[in-house]
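Enquirer:
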Amino acid sequence: MSAPGAEFGLKGVVRELLTYKSGIVGLAILGFLVALSLYAVIAIPYGEAIRLWRGQEAMWIDNPRTAAPEWVEIFVGKKLPRTIRLDSRVPGAGVSKAEIPLPGMNMKNIIIEFRFRFDYDELPSEMNLFYFANYSGVPPYIKLVWKKPSGAEFELIRYSLQAPDDRLYVSISDAVLSAALSYYTEKYPVNVSDRVTVLKLLFGRVTPKALESGDFEVEKGEYVLRVEATVFDRKDDLNAKLVVYGTVYGIAGTDHLRRPLEIPLLWGAPIALSFGLTASLITTFLQMMIAVMSGWYGGWVDSLIQRVTELYMIIPFLPFLIMVSVFYKIDIWILLLVVIALSVFGGGIKGTRALVMQLKESPYIEAARAYGASDFRIIFLYIIPKILPPVVPGLIGAVPGYVFLEAGLAFLGLGDPFLPTWGKVINEAYTNGALYRGLYYWVLEPAAMLMLTAFAFAFLGFALDKIVNPRLREL
Amino acid sequence: MVKGFVKYVVRRTLVLYLTVLLSIYVTILVANMGGKVDEIIIGDIRLRIWDQVNRNPVYRSLSGAEREKIVNQMVENEIKRLGLDKPFIIRSFVYLKDAATLNLGRALFMNSDSGSRLVVNIILERLPATMMLFTTAMLINFFLHLFLGLHLSRRYGSFLDRLVVTLAPTSVLPGWFYGIILITIFYTWLHLLPPGGIVDVPPPKDPLLYSLSVLKHMILPLMSWIISGFFLGVYGNRTFFLIFSTEDYVEAARAKGLPPRLIEWRYILRPTLPPIVTGFALGLIGSWSGAIITETVFSWPGLGSVVNTAIQSMDTPVILGFTVIYAYLLMITVLVLDVVYGLIDPRIRVQFR
Numbered sequence: 204m205s206a207p208g209a210e211f212g213l214k215g216v217v218r219e220l221l222t223y224k225s226g227i228v229g230l231a232i233l234g235f236l237v238a239l240s241l242y243a244v245i246a247i248p249y250g251e252a253i254r255l256w257r258g259q260e261a262m263w264i265d266n267p268r269t270a271a272p273e274w275v276e277i278f279v280g281k282k283l284p285r286t287i288r289l290d291s292r293v294p295g296a297g298v299s300k301a302e303i304p305l306p307g308m309n310m311k312n313i314i315i316e317f318r319f320r321f322d323y324d325e326l327p328s329e330m331n332l333f334y335f336a337n338y339s340g341v342p343p344y345i346k347l348v349w350k351k352p353s354g355a356e357f358e359l360i361r362y363s364l365q366a367p368d369d370r371l372y373v374s375i376s377d378a379v380l381s382a383a384l385s386y387y388t389e390k391y392p393v394n395v396s397d398r399v400t401v402l403k404l405l406f407g408r409v410t411p412k413a414l415e416s417g418d419f420e421v422e423k424g425e426y427v428l429r430v431e432a433t434v435f436d437r438k439d440d441l442n443a444k445l446v447v448y449g450t451v452y453g454i455a456g457t458d459h460l461r462r463p464l465e466i467p468l469l470w471g472a473p474i475a476l477s478f479g480l481t482a483s484l485i486t487t488f489l490q491m492m493i494a495v496m497s498g499w500y501g502g503w504v505d506s507l508i509q510r511v512t513e514l515y516m517i518i519p520f521l522p523f524l525i526m527v528s529v530f531y532k533i534d535i536w537i538l539l540l541v542v543i544a545l546s547v548f549g550g551g552i553k554g555t556r557a558l559v560m561q562l563k564e565s566p567y568i569e570a571a572r573a574y575g576a577s578d579f580r581i582i583f584l585y586i587i588p589k590i591l592p593p594v595v596p597g598l599i600g601a602v603p604g605y606v607f608l609e610a611g612l613a614f615l616g617l618g619d620p621f622l623p624t625w626g627k628v629i630n631e632a633y634t635n636g637a638l639y640r641g642l643y644y645w646v647l648e649p650a651a652m653l654m655l656t657a658f659a660f661a662f663l664g665f666a667l668d669k670i671v672n673p674r675l676r677e678l
Numbered sequence: 127m128v129k130g131f132v133k134y135v136v137r138r139t140l141v142l143y144l145t146v147l148l149s150i151y152v153t154i155l156v157a158n159m160g161g162k163v164d165e166i167i168i169g170d171i172r173l174r175i176w177d178q179v180n181r182n183p184v185y186r187s188l189s190g191a192e193r194e195k196i197v198n199q200m201v202e203n204e205i206k207r208l209g210l211d212k213p214f215i216i217r218s219f220v221y222l223k224d225a226a227t228l229n230l231g232r233a234l235f236m237n238s239d240s241g242s243r244l245v246v247n248i249i250l251e252r253l254p255a256t257m258m259l260f261t262t263a264m265l266i267n268f269f270l271h272l273f274l275g276l277h278l279s280r281r282y283g284s285f286l287d288r289l290v291v292t293l294a295p296t297s298v299l300p301g302w303f304y305g306i307i308l309i310t311i312f313y314t315w316l317h318l319l320p321p322g323g324i325v326d327v328p329p330p331k332d333p334l335l336y337s338l339s340v341l342k343h344m345i346l347p348l349m350s351w352i353i354s355g356f357f358l359g360v361y362g363n364r365t366f367f368l369i370f371s372t373e374d375y376v377e378a379a380r381a382k383g384l385p386p387r388l389i390e391w392r393y394i395l396r397p398t399l400p401p402i403v404t405g406f407a408l409g410l411i412g413s414w415s416g417a418i419i420t421e422t423v424f425s426w427p428g429l430g431s432v433v434n435t436a437i438q439s440m441d442t443p444v445i446l447g448f449t450v451i452y453a454y455l456l457m458i459t460v461l462v463l464d465v466v467y468g469l470i471d472p473r474i475r476v477q478f479r
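What follows is the structure in structure tokens.
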């Protein structure tokens with residue numbers, strides 16, 4: 204701890220902050236959040252963030268729905284399936300495409316083979332097949348064949364494409380289910396449980412017992428999906444993309460619209476920091492100015508300000524804020540202004556005003572008055588520097604309140620209509636039953652970010668409070 | 127001196143009442159968006175009546191023009207019924223008069239749970255649920271913070287004391303946020319407690335089982351508010367008492383060898399009573415207004431959720447009714463506190479001489 208009377212310059216304060224554990228922790232978290240914000244703003248610019256977040260289904264169709272982040276494997280102790288994407292337009296391992304012209308006819312067969320390993324401990328969450336066909340007359344006729352590691356091979360479906368960009372939702376297709384079921388019930392004539400699904404039949408180790416109970420183990424190894432298409436013109440073409448959706452995705456997982464959560468988690472940081480800091484900074488500054496005017500000028504100015512303060516006490520803050528944001532459908536920056544307007548005459552005024560009234564009588568102010576210093580000079584050069592130290596910890600300490608105010612409004616569904624924020628993620632998780640369905644990550648990730656931000660400022664505020672109010676230090 | 131005191135009370139009453147009127151008027155202006163809400167409401171009325179007339183077989187044989195005439199007539203009647211035919215400025219003062227005389231009127235769209243349209247019923251019906259939860263939370267918090275703070279101020283520097291000081295920053299997280307965390311733990315993970323609502327569905331018939339079910343539903347929201355306030359509340363009270371317990375007259379009492387309990391009650395608690403009582407009274411009134419976000423998190427059917435619904439459906443009379451009742455309660459509390467302190471506190475009493 205430094206000697207009494209240490210200077211309050213920025214360097215001095217930071218040096219002293221570092222003597223407190225809470226100060227160090229607060230500064231460290233804050234540094235991390237600022238770095239995160241800078242990264243977010245640079246890596247995903249404002250417009251891009253909004254575009255990605257409000258993007259249509261097509262943008263995220265290759266992502267699994269409500270997938271947990273990849274690191275939950277550590278807690279589950281299992282190898283959880285990642286998403287497998289194989290596209291015949293992108294040649295690579297596991298994809299092959301062959302065209303066989305049918306002699307004597309203006310037709311050809313196109314055979315696309317997707318070959319992939321599935322070594323995970325759980326079934327995939329979904330499986331879709333997307334077609335990209337190019338035809339002028341009769342649409343291609345398609346037959347799908349599935350081959351499992353055990354060697355079992357059977358036909359899934361046979362049909363004509365409905366549209367050039369047709370897609371087959373394999374995991375929920377009734378045709379596929381009955382095809383796979385009939386293949387296995389021929390082999391094992393048992394009573395099949397109604398819990399059997401397409402994915403269980405396609406990726407599970409099928410035994411009579413499993414068919415009866417509906418509980419399947421994953422069959423690990425190499426799978427093959429063969430798309431055998433007949434096109435009715437030599438110029439026609441067909442491509443396909445197979446997506447076997449996993450149950451985990453990336454570092455933050457995805458939401459109900461398949462959007463990766465790292466976008467709102469990253470972008471929440473600059474929004475929360477700028478909202479909280481701006482609101483706190485401006486409110487504190489205005490409150491201080493009002494308190495100084497009230498204390499310095501006294502008289503009718505003082506009583507007017509006191510009455511307005513009482514008026515503010517009676518107006519219910521949160522209902523008013525909600526009312527304004529519902530009626531006027533405002534975005535986050537207007538909301539910021541409303542929050543400031545609703546809190547300028549708040550609680551901080553009384554204490555500062557008392558301090559100013561005390562200072563007013565002190566000898567050095569009297570001396571300044573005696574040599575004819577102007578009110579302006581006295582207020583800005585002699586009074587404000589003196590009352591600033593007790594105000595600053597309050598400023599820092601008030602930031603979490605504003606951050607949570609924004610999150611709370613977003614939780615009520617009144618947040619910014621475009622920007623992804625932490626509160627909005629919690630709101631979406633809540634309304635989509637994340638807690639009911641046990642999707643912990645969806646709620647806990649934004650919650651953890653909010654807590655981190657709040658604690659950073661709270662720790663800093665408490666440490667600053669001890670530095671500028673030495674009396675607290677002894678207690 | 128009595129004359130001075132009466133003058134003081136009258137002046138305070140007048141000033142406070144003016145403040146209440148002003149705040150009600152501000153609410154009227156904002157809740158009507160300066161009259162814009164009326165346009166929305168009139169549009170809604172027109173749409174609803176068109177729909178009614180089009181679906182009513184009685185009017186089916188009429189021509190388009192005749193039907194329009196009927197609709198216009200009905201819309202006009204409805205506008206008159208809701209009192210929307212005069213200019214907004216005039217109406218705003220009518221509203222103010224009604225609100226000030228506690229004539230809260232009827233809701234535009236909302237019904238109370240028993241089907242009443244009176245704003246008073248809508249508000250009063252939800253008040254018990256809110257009071258049961260938030261007033262209990264407030265009382266528990268108040269006494270917990272007071273006595274633990276007092277206790278810690280006597281042994282500051284102890285392990286417990288340092289623990290409370292270290293954990294004080296946990297209180298920056300609001301109650302609703304702890305609510306979400308608690309639901310995650312006790313509902314999603316452990317399946318021990320219900321995630322929301324006030325009673326099981328369907329509600330048990332037996333009154334004993336019914337109250338037990340309500341108690342079970344109260345645990346999580348109560349806990350979330352207790353945890354949220356705990357460390358900062360105890361820390362604040364402890365520091366507050368600590369500052370007072372280093373005063374000279376306390377030292378003198380100690381030197382006289384008075385028992386610690388007596389010192390605590392007579393020399394520390396008594397002079398610190400005014401701010402504590404103020405905090406208690408304001409906290410009590412505040413707890414009656416409910417908590418919009420916490421009630422939403424726990425789907426608790428209290429006043430906060432009524433206000434939220436009213437705002438979402440732009441039901442101005444309900445919003446206004448809530449503000450009016452709250453403003454009056456606050457005014458009465460502040461006035462009573464002013465009068466009591468005027469009588470007790472020698473520093474204020476001196477002004478009446």
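Here the protein sequences line up with chains L and F, keeping their order. Numbering-wise, the working numbering comes out as the position in the first sequence, counting from 1, plus 203. Numbering-wise, the working numbering comes out as the position in the second sequence, counting from 1, plus 126. Yeah, the Cβ is synthetic: ideal placement off N, Cα and C, and Gly gets one too. All values derive from a computational prediction rather than experimental measurement.
#1: Out of curiosity, what's the CA-to-CA distance linking Phe-419(L) and Ala-637(L)?
#2: Where Leu-222(F) and Leu-147(F) are concerned, what is the direct C-alpha to C-alpha distance, given to the nearest angstrom?
#3: Is Phe-312(F) near the ligand ADP - that is, is its Cβ less than 7 Å away from at least one heavy atom of it?
#4: For Trp-351(F) and chain L, any beta-carbon pair shorter than 8 Å?
#5: Can you pull the chain F residues whose beta carbon is under 7 Å from the beta carbon of Pro-519(L), in chain order?
#6: Jot down the residue ranges of each uninterrupted alpha helix (DSSP H) in the region 512–538 of chain L, minimum 4 residues, whole runs only, in chain order.
#7: Do you know offhand how far Leu-667(L)'s Cα is from Gly-229(L)'s?
#8: For Leu-342(L), which residues from the same chain have a beta carbon less than 6 Å from its beta carbon, with the 5 sequence-adjacent residues on both sides left out?
#9: Given this structure, state the Cα-to-Cα distance separating Lys-423(L) from Val-628(L), to the nearest angstrom.
#10: With DSSP run on the structure shown, which of helix, strand or coil describes Asn-203(F)?
#11: Secondary structure at Trp-256(L), three-state DSSP: helix, strand or coil?
#12: Is Ser-218(F) helix, strand or coil by DSSP?
#13: Would a check of beta-carbon distances place Val-434(L) closer than 8 Å to chain F?
#14: Going along the chain, which residues of its own chain have a beta-carbon closer than 8 Å to the beta-carbon of Leu-612(L), five neighbours each way excluded?
#15: Could you work out which residues of chain L lie near Asn-434(F), taking near to mean beta carbons separated by less than 9 Å?
#16: Below 8 Å CB to CB, which residues in the same chain sit around Ile-599(L) once its five sequence neighbours on both sides are set aside?
#17: If we cut at 8 Å on Cβ distances, does Ala-294(F) have a partner in chain L?
#18: What residues in the region 630–643 of chain L bring their beta carbon closer than 8 Å to a beta carbon of chain F?
#19: Would you report the Cα separation of Ala-453(F) and Arg-398(L), rounded to the nearest angstrom?
#20: For the structure I just gave you, are there three or more beta carbon pairs, one from the region 438–450 of chain L and one from the region 565–580 of chain L, closer than 8 Å?
#21: Would you check if the distance between the CB atom of Ala-382(L) and the CB atom of Leu-359(L) is smaller than 8 Å?
#22: In terms of alpha-carbon separation, which member of Val-495(L), Glu-302(L) and Ala-570(L) lies closest to Gln-509(L)?
#23: Would you mind stating whether Gly-428(F) and Thr-256(F) have Cβ atoms separated by less than 8 Å?
#24: May I have a chain-ordered list of the beta strand (DSSP E) segments no shorter than 3 residues that lie completely inside the region 344–388 of chain L?
#25: Can we say the region 404–413 of chain F touches the region 259–277 of chain F, given the rule of at least three CB pairs closer than 8 Å?
#26: Checking contacts by CB at 8 Å: is Thr-398(F) closer than that to chain L?
#27: Roughly how many angstroms separate the alpha carbons of Ile-196(F) and Asn-180(F), rounded to a whole number?
#28: For Pro-207(L), name the three-state secondary structure that DSSP assigns.
#29: Where does Glu-373(F) fall in DSSP's three states?
#30: Along the chain, where does the beta strand (DSSP E) containing Ser-279(F) start, and where does it finish?
#31: Would you please state the rounded distance, in angstroms, between the beta carbons of Ile-587(L) and Val-547(L)? I believe it to be under 8 Å.
#32: Taking a contact to mean a Cβ-Cβ separation below 8 Å, would you say Val-275(L) touches Leu-289(L) in this structure?
#33: Roughly how many whole angstroms lie between the Cα atoms of Gln-199(F) and Lys-206(F)?
#34: Any C-beta of chain F sitting closer than 8 Å to the C-beta of Ala-231(L)?
#35: Whole angstroms are fine: how far does the CA of Ala-294(F) sit from the CA of Gly-226(L)?
#36: Taking the alpha-carbon of Phe-282(L) as reference, which of Val-379(L), Pro-327(L), Trp-470(L) and Thr-410(L) has the nearest alpha-carbon?
Expert: The relevant details are as follows:
#1: As a working note, residue 419(L) is residue 216 in the first sequence. As a working note, residue 637(L) is residue 434 in the first sequence. Near 26 Å, if we compare the C-alpha coordinates of Ala-637(L) and Phe-419(L).
#2: If you number the second sequence from 1, residue 222(F) lands on position 96. If you number the second sequence from 1, residue 147(F) lands on position 21. Computed Cα separation, rounded: 8 Å.
#3: Annotation note on the ligand ADP: not contained in the displayed structure, which lists no ligands.
#4: Counting from 1 along the second sequence, the entry for residue 351(F) is found at position 225. By this cut-off, Trp-351(F) is not an interface position.
#5: Here residue 519(L) refers to the residue found at position 316 of the first sequence. Going along chain F in sequence order, the residues near Pro-519(L) (Cβ under 7 Å) are Ser-415, Thr-449 and Tyr-452.
#6: 520–531
#7: Mapped onto the first sequence, residue 667(L) falls at position 464. Mapped onto the first sequence, residue 229(L) falls at position 26. Those two C-alpha atoms are separated by around 11 Å.
#8: Stepping through the first sequence from its first residue, residue 342(L) is reached at position 139. The question names Leu, but residue 342(L) in the sequence shown is Pro. Cβ within range, chain order: Ser-363 and Leu-364.
#9: Here residue 423(L) refers to the residue found at position 220 when the first sequence is read from its first residue. Here residue 628(L) refers to the residue found at position 425 when the first sequence is read from its first residue. Roughly 35 Å separates the two Cα atoms.
#10: Residue mapping note: residue 203(F) aligns to position 77 of the second sequence, counting from 1. Three-state DSSP puts Asn-203(F) in a helix.
#11: Within the first sequence, the letter at position 53 stands for residue 256(L). Helix, per DSSP.
#12: Indexing the second sequence from 1 puts residue 218(F) at position 92. In this structure, Ser-218(F) counts as helix in the three-state DSSP scheme.
#13: Your numbering for residue 434(L) matches position 231 in the first sequence. Val-434(L) does not count as touching chain F.
#14: Residue mapping note: residue 612(L) aligns to position 409 of the first sequence, counting from 1. The answer, listed in chain order, is Leu-524, Ile-525, Ser-528, Leu-538, Gly-618 and Gly-626.
#15: Position 308 of the second sequence, counted from the start, is the residue given in the question as residue 434(F). In chain order: Pro-522, Ile-525 and Leu-615.
#16: Numbered from 1 along the first sequence, position 396 holds the residue referred to as residue 599(L). Closer than 8 Å at Cβ, skipping near neighbours: Ser-483, Phe-660, Leu-663, Gly-664 and Leu-667.
#17: Taking the first residue of the second sequence as 1, we reach residue 294(F) at position 168. It does: the Cβ of Ala-294(F) has a partner Cβ on chain L nearer than 8 Å.
#18: Tyr-633, Leu-638, Tyr-639, Gly-641 and Tyr-643
#19: To locate residue 453(F), count along the second sequence from 1; it is residue 327. To locate residue 398(L), count along the first sequence from 1; it is residue 195. Distance between the alpha carbons of Ala-453(F) and Arg-398(L): 59 Å.
#20: no
#21: Position 179 of the first sequence holds residue 382(L). Position 156 of the first sequence holds residue 359(L). Yes, the Cβ-Cβ distance between Ala-382(L) and Leu-359(L) is below 8 Å.
#22: For this step, residue 509(L) is matched to residue 306 along the first sequence. Nearest of Val-495(L), Glu-302(L) and Ala-570(L) to Gln-509(L), Cα basis: Val-495(L).
#23: Sequence index remark: in the second sequence, residue 428(F) carries index 302 (1-based). Sequence index remark: in the second sequence, residue 256(F) carries index 130 (1-based). Yes. Within cutoff.
#24: 344–350, 356–363 and 370–372
#25: yes
#26: The residue labelled residue 398(F) in the question sits at position 272 within the second sequence. Closer than 8 Å: no.
#27: Working through the second sequence from its first residue, we reach residue 196(F) at position 70. Working through the second sequence from its first residue, we reach residue 180(F) at position 54. Distance between the alpha carbons of Ile-196(F) and Asn-180(F): 11 Å.
#28: What you label residue 207(L) is simply residue 4 of the first sequence in a count that begins at 1. Interpretation of Pro-207(L) is limited by its pLDDT of 42, a score under 50 that renders its predicted location unreliable; the figure taken from the coordinates is listed afterwards. Pro-207(L): coil per DSSP, three-state reduction.
#29: Sequence index remark: in the second sequence, residue 373(F) carries index 247 (1-based). Three-state DSSP puts Glu-373(F) in coil, outside helix and strand.
#30: Counting from 1 along the second sequence, the entry for residue 279(F) is found at position 153. Element bounds for Ser-279(F): not the beta strand (DSSP E) but the alpha helix (DSSP H), 262–280.
#31: In the first sequence, residue 587(L) corresponds to position 384, counting from 1. In the first sequence, residue 547(L) corresponds to position 344, counting from 1. The pair is not a contact, with the Cβ atoms about 17 Å apart (cut-off 8 Å).
#32: For the purposes of this step, residue 275(L) is taken as the residue at position 72 of the first sequence. For the purposes of this step, residue 289(L) is taken as the residue at position 86 of the first sequence. No, they are not a contact pair.
#33: Within the second sequence, residue 199(F) is the residue found at index 73, counting from 1. Within the second sequence, residue 206(F) is the residue found at index 80, counting from 1. Straight-line Cα distance between these residues: approximately 11 Å.
#34: Residue numbering aside, residue 231(L) sits at position 28 when the first sequence is read from its first letter. Output row for Ala-231(L): interface = no.
#35: Reading the first sequence from its first residue, position 23 is the one you call residue 226(L). Reading the second sequence from its first residue, position 168 is the one you call residue 294(F). Using only the alpha carbons, I get a separation of about 14 Å.
#36: Along the first sequence, one-based indexing puts residue 282(L) at 79. The question names Phe, yet the displayed sequence has Lys at residue 282(L). The option with the nearest alpha carbon to Lys-282(L) is Pro-327(L).
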